[in-house]
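Below is one structure; the comments refer to it alone.
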Amino acid sequence: MDWIGFGVLTSFLINAVFTGVLYIHFLKIRSRSLLYFSFVSLFVSLWCITMFLYRWSEDFSVFWARMLYLAACFIPSSFTLFALSFPNGRVGKKTLFAIFLPNLLIATFCICDKCLISDVIKPAIGEKVITFRNPFYLFYLFYIPAFFSIAFFLLFKKFRVKSGYEKAQLKYILMGSLLSANISMITNLLLPTFDIFALNWTGQLTTTIWIASVTYAIFKYRLFGIRMLAGNAFYYFSKAAVYFTSFFLIYLLQTWLWGNIFSSGAIISGILFAFAYIFIFTKIDQYILSVLRKTIIYHDYDPFYFIGKLIKITSGELSLGKIADSLLIIIGESLGIDRVGMVLIDSKNRKVLYQKWNGFGQNKLFSFQDFAEVIEIWREEDSKNIKKLSTLVKDELRLRIKNGRDFEYDWQKIVIKRVINFMRKNKIAVIIPLNHRVNLSGFILAGEKPGREPFSVGDIDFLESLAMNSSVAIGRALLYLEVEKFAETLKYKVDIATKKLKEKVKIIEASRKREQDMLDIMGHELRSPISLASGALEYVLDKISRGEANNDFIKKWCEKAYRAVRKEVRLVETLLTTARIGAKRITLDLRPVDINPLIEASISEFSEKAETKGLYIKFDKQKMPLVWGDPIGIQQIVDNLLSNAVKYTQKGGISVFEEILKDKGMVRISVKDTGIGIPKEEIPKLGKKFYRVNQRGKTQLVRPGGTGLGLYVVFNLVKLHGGKIEIQSEVNKGSTFSFTIPIYNPSIHKRASYAI
1 MDWIGFGVLT
11 SFLINAVFTG
21 VLYIHFLKIR
31 SRSLLYFSFV
41 SLFVSLWCIT
51 MFLYRWSEDF
61 SVFWARMLYL
71 AACFIPSSFT
81 LFALSFPNGR
91 VGKKTLFAIF
101 LPNLLIATFC
111 ICDKCLISDV
121 IKPAIGEKVI
131 TFRNPFYLFY
141 LFYIPAFFSI
151 AFFLLFKKFR
161 VKSGYEKAQL
171 KYILMGSLLS
181 ANISMITNLL
191 LPTFDIFALN
201 WTGQLTTTIW
211 IASVTYAIFK
221 YRLFGIRMLA
231 GNAFYYFSKA
241 AVYFTSFFLI
251 YLLQTWLWGN
261 IFSSGAIISG
271 ILFAFAYIFI
281 FTKIDQYILS
291 VLRKTIIYHD
301 YDPFYFIGKL
311 IKITSGELSL
321 GKIADSLLII
331 IGESLGIDRV
341 GMVLIDSKNR
351 KVLYQKWNGF
361 GQNKLFSFQD
371 FAEVIEIWRE
381 EDSKNIKKLS
391 TLVKDELRLR
401 IKNGRDFEYD
411 WQKIVIKRVI
421 NFMRKNKIAV
431 IIPLNHRVNL
441 SGFILAGEKP
451 GREPFSVGDI
461 DFLESLAMNS
471 SVAIGRALLY
481 LEVEKFAETL
491 KYKVDIATKK
501 LKEKVKIIEA
511 SRKREQDMLD
521 IMGHELRSPI
531 SLASGALEYV
541 LDKISRGEAN
551 NDFIKKWCEK
561 AYRAVRKEVR
571 LVETLLTTAR
581 IGAKRITLDL
591 RPVDINPLIE
601 ASISEFSEKA
611 ETKGLYIKFD
621 KQKMPLVWGD
631 PIGIQQIVDN
641 LLSNAVKYTQ
651 KGGISVFEEI
661 LKDKGMVRIS
671 VKDTGIGIPK
681 EEIPKLGKKF
691 YRVNQRGKTQ
701 LVRPGGTGLG
711 LYVVFNLVKL
721 HGGKIEIQSE
731 VNKGSTFSFT
741 IPIYNPSIHK
751 RASYAI
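Mapping of the sequence shown onto the UniProt record's numbering: position 696 corresponds to residue 696, and the numbering continues sequentially without gaps.
Here's what the structure looks like:
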């Protein structure tokens, strides 16, 4: 074997191993582009081994020459299929038919005795010479470059529109393939046309250029994931070696023991060997897989171990902080990254919900604005109904910017530049989304790997798996926080409601007690005038029966009885009015009213009681217009105000003032006394049913009895008349109660009964 044969055989072995690695990985990921790439590598391997056999064989040179050109004719068609499908496309049935129909025709030319190759001549010196038949060789000569041209055109077209790592992968595939294909077509296709066969083995050696270029893309730009590929290949090759070695050793042992493998003893021991082999091989298989995972497949880390560890820690954890700590620690331990963080964002309300950082310095916090561009990229993907939000890799984003041709709008390029600047400033290499909800976005931020080693496909898949598994635990923790927050809010609201309920119960109890007290007082108030009137009349009747009563005596005591009856009537009217107001069944007989006679009647009613206490009652009488109101209701208002003024004044007197408010269309009546006054804090409470001011401890005077209904009636009657009541008071100096009544306007007021 000369050095050329050795080189061709080495190229075959390299291509064969590469083919096996590609196909084994295809069995796992089922990628169409990887399958067609495996076909390219397979036919290149066959092209190499047939060249070796063609040069080595003396008696079958024509046969191996035909096999050589047969293997070569499938390379450009397979490469075209790869160009059509890369990176994630599919090739339709019509396209497959259009590609393989001419391929099958050329293949037929290759194997037919009377078509492409007629003979092989071995000269004394130099390479063998192949004799071709025309026009079949012309078809072959046109077919190979035509299909390669189509494939390279498709790859160049994709290279122009792709970005990031896919663009870089295409760059190295094109570089290696163009160089290897062009050299091969010159030395193995064009030169033999002119009977120059001295370099017809060169093409096979240049396939190593193609292998090297693709391998560089695998290592540098994560094409197909080399570490996983190599590990899987070694695993299956190791299993095959164990199978073969075991079979060979058992065969030798059986032959040595029994002479052959078909004797009864050999069969029985073979069955025992079979059961033992199953048990032993299971252990060997586990050992091989464990060693390969540590040394080749997962040289730096075992993703299954760390994913399992994360699931074990977070499966029952409800603390968001502990879940975040576990996730960041696992990422740091597995990939050797010292800068890693996790962020949860409510992009709808534009706020950061939670953030946790390792290796970013103490108290490192980011705002929503820092991540706005990241959210914008994913929002755009979400608007295009992309099921899986993309992982943002800094190097890939830089390649997109460098390419600059895949941006529909200028603002998209600006957004990506800002994301790159943010990642560079904070030494972040990768941003991985935690979920697919843009409004509630979560993501992991990972720094550079040791030595700035690029992230492989396996690394990204590992991080995405961690993100997917942790997102479930994080969602559960967020739900738990919401439940806790809801429980706290509910407890707070229940406490507030309970407090308010207790306050209302106290108010109701106080109101009931006040009503009971008022009922007791009211019973006393109602009995007193009747008892007084009854006693006066009995006294008069007794004197008359004895003949001791004269007219003046009878008049005096009858007037006392009359005043007591009048007081009783006022109390009854107050009670009735109170009941009607409470039931909203009071009726006002609205009419034009001269208010002065009503005031004078009230003053006359209380003048004797005022004189008895040594008080004066002054009335600053004015010429007043008619007012629009119910005379009985107005009389009750004035009676109650005068009654209270006389009752709560110990010295001095009472003054009644009138005033016309033309701008408001009202008259104002004011009753001013020099009594004990009302504390300021009690004034807002006046007018409530059964309410009486408690002044004990603030004045030496003790308030006389009362029903607590007078001001309640006054406030409601004034309101029903469309007026307002005002109170001014100072303790120990007196009070002024003022109320307003509308002035009668013939154009708008018509007599009517007004009921509520």
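Backbone N, C-alpha and C fix where the C-beta goes; we use that ideal spot for every residue, glycine too. Treat the numbers as computed from the prediction; the structure is a model and nothing was measured.
- For Phe306, the enclosing alpha helix (DSSP H) has its first and last residue at Pro303 to Thr314.
- Put simply, the backbone Cα of Ser334 is about 7 Å away from that of Phe306.
- Among the bridge pairs identified by DSSP, Ser33 is matched with none.
- For Glu448, the CB contacts under 8 Å within the same chain, skipping 5 residues up- and downstream, are Ile337, Arg339, Lys427 and Ala429 in chain order.
- Distance from the CA of Asn551 to the CA of Ile595, rounded to the nearest whole angstrom, comes to 35 Å.
- Positions of the alpha helix (DSSP H) runs, each at least 4 residues long and wholly inside the stretch 583–615, are given as 595–612 in order along the chain.
- According to the DSSP secondary-structure assignment, Phe737 is paired through a beta bridge with Val671 and Ile727.
- Taken through DSSP and simplified to helix, strand or coil, Tyr287 comes out as helix.
- If you look at Thr391, you'll find it isn't in any alpha helix (DSSP H); DSSP assigns it neither H nor E.
- The count of Cβ pairs closer than 8 Å, one atom from the stretch 648–664 and one from the stretch 608–618, reaches three, so the stretches are in contact.
- Beyond the five residues adjoining it in sequence on each side, Leu537 comes within less than 7 Å, by CB distance, of Ala561 in the same chain, given in chain order.
- A residue is called buried once 16 or more other Cβ atoms fall within 10 Å of its Cβ, and Cys73 is buried on that count.
- Note on geometry: alpha-carbon atoms of Ala65 and Ile130 lie some 8 Å from one another.
- If you look at Pro145, you'll find it in the alpha helix (DSSP H) that goes Phe136 to Val161.
- For Leu81 against Trp47, the beta-carbon gap comes to about 17 Å, at or over 8 Å, which does not count as contact.
- Taking C-beta atoms under 8 Å as the contact rule, Val415 and Glu376 qualify, at a distance of about 5 Å.
- Note that the C-beta distance between Asn640 and Val593 is not below 8 Å.
- If you check the CB distance, Leu179 and Leu155 do not come in under 8 Å.
- Rounded to whole angstroms, the Cβ separation of Leu389 and Pro433 is 4 Å, and the two are in contact under 8 Å.
- Closest in C-alpha terms to Phe371, from the list Phe6, Val62 and Leu353, comes Leu353.
- C-alpha of Ala168 to C-alpha of Gly20: approximately 24 Å in a straight line.
- Per the C-alpha coordinates, the member of Leu327, Glu373, Thr206 and Glu381 positioned closest to Gln355 is Leu327.
- For Asp195, the secondary structure class from DSSP, reduced to helix, strand or coil, is coil.
- Per DSSP, Asn732 lies in no beta strand (DSSP E) segment and is marked neither H nor E.
- By the Cβ neighbour-count rule, Trp210 is buried, with 16 or more other Cβ atoms within 10 Å of its own.
- In this model, Thr50 and Thr255 are separated by some 38 Å (Cα to Cα).
- With a beta-carbon spacing of about 45 Å, Ala212 and Ile323 fall beyond the 8 Å limit used to define contacts.
- Across the structure, Lys157 and Leu42 are spaced so that their CA atoms are roughly 26 Å apart.
- Judged by DSSP secondary structure, Met624 falls outside any beta strand (DSSP E); it is assigned neither H nor E.
- Beta-bridge annotation (DSSP): Ile617 is paired with Ile654.
- By the criterion of a C-beta distance shorter than 7 Å, Ile75 is surrounded in its chain by Val40, Phe43, Val44 and Trp47, once the five residues flanking it on both sides are discounted.
- In this structure, DSSP gives Gly458 a helical state, which the three-state scheme calls helix.
- Short of 6 Å from the beta carbon of Tyr143, and not among the five residues preceding or following it, lie these beta carbons of its own chain, in chain order: Ile106.
- Phe275 counts as exposed, since fewer than 16 other beta carbons sit within 10 angstroms of its beta carbon.
- Per DSSP, Phe97 lies in no beta strand (DSSP E) segment; the continuous alpha helix (DSSP H) that holds it begins and ends at Lys93 to Ile111.
- Between Arg400 and Gly321, the alpha-carbon positions lie close to 36 Å from each other.
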